[in-house]
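Read left to right, the sequence shown gives residues 1 to 224 (my numbering). Glycine included, C-beta positions come from ideal geometry on N, C-alpha and C. The structure appears below as structure tokens.
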Amino acid sequence: MSDLFGKQLRKQTARAKEKLLEGLGKAKATQDDVFDQHAANLGKQSKACDRLYRDLKSYGSALRTMVQAQKAFRETIRELYESDWPDREHLYAITHSLDLQWEEFEKTINEQVMGSVSAYMGQFSDLKAKVAKRGRKLVDFDSARNNYATVRASSKKGDEDPRVVKALADLQQAENMYRDLNKELVDALPATYDSRITFFVDTLQTIFNAESVNHAECGKVRYL
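What follows is the structure, given as structure tokens:
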């Protein structure tokens with residue numbers, strides 16, 4: 001446990017030193033504007049989905065409250081409508097029908113649509129964690145590259161110097177770890193960003209279709 005902690009501490013210290021040197025202009029940092037744009041798109045997409053989820057949740061909560069109030073109101077109507085008044089059975093039937101229709105609509109919003117949005121958002125935390133990890137691996141790669149250049153330049157034995165050999169091995173390991181993760185994200189991030197169009201269209205269609213069906217069915221009701 002102590003060895004693992006010490007290794008992590010040394011790695012964090014090396015990263016902090018590398019970022020400080022890069023900030024002071026004494027070490028060269030790898031720049032990737034294309035990836036930075038992909039990462040920015042992920043942040044923008046995640047923020048937009050957070051807003052959609054938050055407002056959809058508020059809408060669903062308000063809808064549930066309204067449906068419950070409507071149901072209570074129609075129950076009052078049924079109780080107050082005296083048994084000897086005309087079309088009592090018809091009134092019971094249509095008010096119960098309205099209860100079911102609105103409950104179905106509310107269920108579509110709060111279960112189907114909310115579930116779909118929540119599932120879609122689930123991918124963002126993993127991607128953000130990988131982007132952050134990629135950033136750390138890039139710092140490790142830059143640090144190893146700069147260290148190799150320094151060690152090689154100061155060595156009098158050239159490439160046969162054990163210190164140079166070790167620095168090169170560390171560089172190759174850091175580069176492989178960085179490039180593997182970078183490739184995964186370069187493939188995943190644009191695809192995730194493009195998927196926002198289909199997701200948004202499907203979500204809106206589900207909501208609007210549910211609203212249309214609900215209002216159409218409610219519009220068919222004739223009380224008396």
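For S97 and V221, believed in contact at Cβ under 8 Å, the rounded distance: Looking up residue 221 in the sequence shown gives position 221. Looking up residue 97 in the sequence shown gives position 97. About 7 Å; that satisfies the 8 Å criterion.
Beta-carbon spacing of F105, S46 below 7 Å: Taking the first residue of the sequence shown as position 1, residue 105 is located at position 105. Taking the first residue of the sequence shown as position 1, residue 46 is located at position 46. In this structure, F105 lies away from S46, with their beta-carbon atoms at least 7 Å apart.
Close Cβ partners of Q70 (< 7 Å) along its chain, the five nearest in sequence each way excluded: As a first step, residue 70 must be located in the sequence shown, where it is residue number 70. The answer, listed in chain order, is W102.
The alpha helix (DSSP H) enclosing Q37, as first and last residue numbers: One-based indexing of the sequence shown puts residue 37 at position 37. Per DSSP, Q37 belongs to the alpha helix (DSSP H) from 33-80.
Pair within 7 Å by beta-carbon distance, T95 and R74: Reading the sequence shown from its first residue, position 95 is the one you call residue 95. Reading the sequence shown from its first residue, position 74 is the one you call residue 74. Yes.
Straight-line Cα distance separating V117 from D55: By one-based count along the sequence shown, residue 55 stands at place 55. By one-based count along the sequence shown, residue 117 stands at place 117. Using only the alpha carbons, I get a separation of about 12 Å.
Whole-angstrom distance between Y148 and D180, CA atom to CA atom: Mapped onto the sequence shown, residue 180 falls at position 180. Mapped onto the sequence shown, residue 148 falls at position 148. Answer to the nearest angstrom: the Cα atoms are 21 Å apart.
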